[in-house]
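Since the structure comes first, as structure tokens, the remarks are kept for the end.
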Amino acid sequence: MSEPTERAALPLLELDDVAVHFGGVRAVDGVSLYLREGLIHGILGANGSGKSTLLGAVTRLNPLTRGDLRFAGRSYAGVAPHRVARLGVARTFQTVRLIDDRSVRDNVLLGLDTATRSARAGAGARVDEVMERVGIAGLGRMRPSELSYGMQRRTEIARAIVGSPRLLLLDEPTAGMNTDERDEISALLRSLQREGYTQLLVEHDVAMMVDVCDYLFAMNFGKLIAQGLPDEVVRDDGVRESYLGKQAQ
Ligand SMILES: Nc1ncnc2c1ncn2[C@@H]1O[C@H](COP(=O)(O)OP(=O)(O)OP(=O)(O)O)[C@@H](O)[C@H]1O
Ligand SMILES: [Mg+2]
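According to full-length UniProt numbering, the residues represented by the sequence shown are 1 to 249, in order.
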């Protein structure tokens with residue numbers, strides 16, 4: 001086996017029987033899965049099936065009801081949420097979360113933790129490099145609200161990758177975008193993959209998911225109902241019934 005193939009087979013993130021219950025709501029209910037280094041993974045599932053809650057479990061924002069999380073082979077289920085970024089996990093949120101009384105550039109800078117911001121010479125250069133990388137160079141002095149929605153979402157991707165995470169979690173990064181903007185974000189995600197970013201992407205656009213992802217998971221009512229190559233997963237009877245059928249209605 002060649003070295004790149006071996007690298008790609010390494011599990012970067014492992015979830016073992018992860019559950020997140022909110023009172024009686026079993027938002028995530030016993031999910032076991034792993035992500036392989038270097039791949040773009042996707043999660044499909046109807047509204048309320050637990051996709052965002054699962055991302056929140058991975059970043060430790062949502063406390064686990066049970067289960068274990070491992071990153072690069074080490075359990076981090078007891079690590080405080082603000083320390084998860086230091087492990088190398090970053091995420092974007094389903095709704096835009098930028099600070100409007102700070103510049104776009106400052107918002108990107110905030111993706112670096114305090115220690116790195118002050119200690120690392122070159123933090124500024126890194127911010128500029130990342131802004132260029134996601135296509136927002138030149139917008140740094142504006143306020144987030146002055147940007148188009150698409151550019152706001154790119155700013156969030158910049159903030160997530162500025163600390164060079166090993167795993168990037170993206171919650172509906174193209175929600176509300178037109179087809180051209182979606183294609184651009186798809187191309188951006190693929191180019192980030194070539195730079196080595198392992199990704200876990202949540203999106204409702206099935207065609208985009210089949211196009212962008214190397215591997216797909218499907219959720220329904222907090223549980224994993226299918227996983228595999230994208231073409232196979234979207235043909236799965238359970239997935240069609242729980243999700244694709246509903247979309248067509
Ligand atoms: N903080 C919370 N408190 C109580 N219930 C919650 C909380 N967050 C999510 N839920 C519930 O958990 C379930 C899963 O929600 P989640 O947001 O994870 O779904 P989703 O798959 O991301 O849906 P969508 O596609 O609409 O974004 C839903 O029933 C939701 O109402
Ligand atoms: Mg969601």
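Even for Gly, the Cβ is constructed at its ideal location relative to N, Cα and C.
- For ligand 1, which residues have a Cβ under 6 angstroms from at least one heavy atom, in chain order? Taken from the N-terminal end onward, the list reads Phe22, Val25, Ala27, Gly45, Asn47, Gly48, Ser49, Gly50, Lys51, Ser52, Thr53 and Gln94.
- Message: Measuring alpha carbon to alpha carbon, tell me which residue in Ser242, Leu216 and Glu241 is nearest Val233.
- Response: Looking only at Ser242, Leu216 and Glu241, the smallest Cα-Cα distance to Val233 is reached by Leu216.
- Message: For a test of your reading of the model: does the CB of residue 250 fall under 8 angstroms from any non-hydrogen atom of ligand 2? Yes or no.
- Response: The structure shown does not extend to residue 250, since the chain spans only 1 to 249, so no value can be given for it.
- Task: Indicate whether the contact test is met: 3 or more Cβ pairs, each with one atom in the region 66-74 and one in the region 134-145, closer than 8 angstroms.
- Result: At 8 angstroms Cβ cutoff, the stretches do not touch.
- Item | Three-state secondary structure (DSSP) of Asn220 | If DSSP states are grouped into helix, strand and coil, Asn220 belongs with the strands.
- Between the CA atoms of Ala77 and Leu12 - distance to the nearest angstrom: Cα-Cα distance, rounded: 15 angstroms.
- Query: Hey, would you say the C-beta of Val202 is under 8 angstroms away from at least one heavy atom of ligand 2?
  - Reply: Taking the Cβ of Val202 as the reference point, at least one heavy atom of ligand 2 falls within a distance shorter than 8 angstroms.
- Can you find a heavy atom of ligand 4 that lies under 8 angstroms from the Cβ of Arg235? With respect to small molecules bound, the structure shown includes ligand 1 and ligand 2 and not ligand 4.
- Item | Alpha carbon of Leu201 to alpha carbon of Arg141, nearest angstrom | Taking the straight line from one Cα to the other gives about 29 angstroms.
- Query: Mapping DSSP to helix, strand and coil, what is Ala187?
  - Reply: Reduced to three states, the DSSP call for Ala187 is helix.
- Query: Any chance the region 87-102 sits against the region 123-134, with 3 or more Cβ pairs inside 8 angstroms?
  - Reply: At 8 angstroms Cβ cutoff, the stretches do not touch.
- Message: Once DSSP output is grouped into helix, strand and coil, what is the label at Ser32?
- Response: In the structure shown, Ser32 sits in a strand (DSSP, three-state: E or B).
- Item | Inter-residue Cα distance where the pair is Ala218 and Ala27 | Roughly 14 angstroms between the two C-alpha positions.
- Item | Residue burial classification, Met1 (beta-carbon count within 10 angstroms, cutoff 16) | Per-residue confidence for Met1 stands at a pLDDT of 42, beneath the threshold of 50, marking its modelled position as unreliable; the derived number appears in the next sentence. With fewer than 16 other Cβ atoms from the protein chains shown falling within 10 Å of its own Cβ, Met1 counts as exposed.
- Task: Kindly give me the distance between the Cβ atoms of Gly222 and Gly50, rounded to whole angstroms, as I take these residues to be in contact under 8 angstroms.
- Result: Cβ-Cβ separation between Gly222 and Gly50: approximately 4 angstroms, consistent with a contact (criterion under 8 angstroms).
- Reducing DSSP to helix, strand and coil, say where Gln94 ends up. It is coil, neither helix nor strand.
- Query: Okay, do the region 41-48 and the region 202-211 touch, 3+ Cβ pairs below 8 angstroms being the bar?
  - Reply: Short answer: they touch.
- Contact under 9 angstroms by Cβ, Val108 with Val89: No, the Cβ-Cβ distance between Val108 and Val89 is not below 9 angstroms.
- Message: For a minimum of 4 consecutive residues, which ranges assigned as the alpha helix (DSSP H) are wholly contained in the region 129-178?
- Response: DSSP runs (the alpha helix (DSSP H)) wholly in the region 129-178: 149-161.
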